[in-house]
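Here the sequence shown is numbered in this note's numbering, starting from 41 and rising by one per residue.
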Amino acid sequence: AAIFNGATGSRFCVWSMFCIAVLLQRCLVLPKKGYHFHCVRARLRCKEWAIHVKCFKAQPERAAKSEQRGSKMGDFVLACSSTVDQPKKCFDDRDIPYICFRWISDDGEVHLDDLGQSLSFEEFYARMRKGALPKTSQPNFQDFFDFFESFLKEGRDVLYLTLSSGISGAMGSAVSAAEALKENYPERSIYVVDSRNASLGYALLVDAVWRQKDAGRSFKDCCDYALRAREQVETWFYSTDLSWYVHGGRV
41 AAIFNGATGS RFCVWSMFCI AVLLQRCLVL PKKGYHFHCV RARLRCKEWA
91 IHVKCFKAQP ERAAKSEQRG SKMGDFVLAC SSTVDQPKKC FDDRDIPYIC
141 FRWISDDGEV HLDDLGQSLS FEEFYARMRK GALPKTSQPN FQDFFDFFES
191 FLKEGRDVLY LTLSSGISGA MGSAVSAAEA LKENYPERSI YVVDSRNASL
241 GYALLVDAVW RQKDAGRSFK DCCDYALRAR EQVETWFYST DLSWYVHGGR
291 V
């Protein structure tokens, strides 16, 4: 298993980076644009965390729940989007609901980014190698409205960690939906946090906040922690194939 130690100032030697790159190529679900990452590294600069690269399976000893402050675990929902690029089982095991982005095939058909459930990742990339040029589409206002409302109806607050606003307009739609729902559910709270990250870095933040929630922290504590922790996430990547950047208009 490849585990990143998040201690401040830790550095990997060249051999370690090579081994991690190989493991990532085998384990990490790549973004849907078809970018070919040779090496991805992300870390959370907090000594208490060790994050598993493949998915959310690293399970350190849980903090003692000596104090239950504010909301209990079941009183609020920690949610994110499919762009954390993790296997569906990781979400299911931790009861983290996610909203799906979409991708559009060459024939104009719209598909959900449902973590490889309707179309395997192998088939997806095989189509691209044959010349397919899929496009991506973010959830809209109504998508977020319906997603959030499903939890509010159950009497649960929502902490939603969103894909970086620097690369997607999804946060704007999420915030607009949250504001609109305040009128119908004034007693409930929806807190939208810009992760300022994507893919593995985004997943690291979700993982760290989930551990706080799992340790019994309150809704407010988890919201505050998410804002602090996002500043401690670092992600680096490099690519040896620029063709998809050109096709997608990035280069």
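Built from N, CA and C at the ideal position, the CB exists for glycine as well. Small disclaimer: the values here were computed from a predicted structure and weren't measured.
- [ ] For G206, count neighbouring C-beta atoms within 10 Å of its own C-beta (all shown protein chains included) and say buried if the count is 16 or more, exposed if not.
- [x] Label assigned to G206: exposed.
Open item on the list: Is the separation between the beta-carbon of F164 and that of S216 shorter than 7 angstroms?
Closed with: The answer is no: Cβ separation not under 7 angstroms.
Task: One or two residues paired with I207 in a DSSP bridge - done: Per DSSP, none; premise fails for I207.
Open item on the list: Quick test of your reading: D234 and M211, contact by CB under 8 angstroms. State the CB separation rounded to the nearest angstrom.
Closed with: Contact between D234 and M211 holds, since their C-beta atoms are separated by about 5 angstroms, short of 8 angstroms.
Open item on the list: Can you find the residues in the same chain that come closer than 7 angstroms, C-beta to C-beta, to A214, ignoring five residues on each side of it along the sequence?
Closed with: Within the same chain, and ignoring the five residues on either side of A214 in sequence, the residues whose Cβ sits closer than 7 angstroms to its Cβ are F184, Y200, T202 and V232.
Open item on the list: With H, G and I counted as helix, E and B as strand and the rest as coil, what does DSSP make of C300?
Closed with: This structure cannot settle anything about residue 300, because the visible part of the chain is limited to 41 through 291.
Task: Pair within 7 angstroms by beta-carbon distance, D125 and S239 - done: In contact: D125 and S239 (Cβ atoms closer than 7 angstroms).
- [ ] State whether the stretch 135–150 contacts the stretch 163–177, with contact taken as three or more CB pairs (one from each stretch) at a distance under 8 angstroms.
- [x] Taking 8 angstroms as the limit for Cβ pairs, the verdict is that the stretch 163–177 does touch the stretch 135–150.
Task: Any chain D beta carbon closer than 7 angstroms to C140 - done: Annotation note: the requested chain D is absent from the structure, which comprises a single protein chain.
Open item on the list: Mapping the DSSP letters down to three states, classify L118 as helix, strand or coil.
Closed with: In the structure shown, L118 sits in a strand (DSSP, three-state: E or B).
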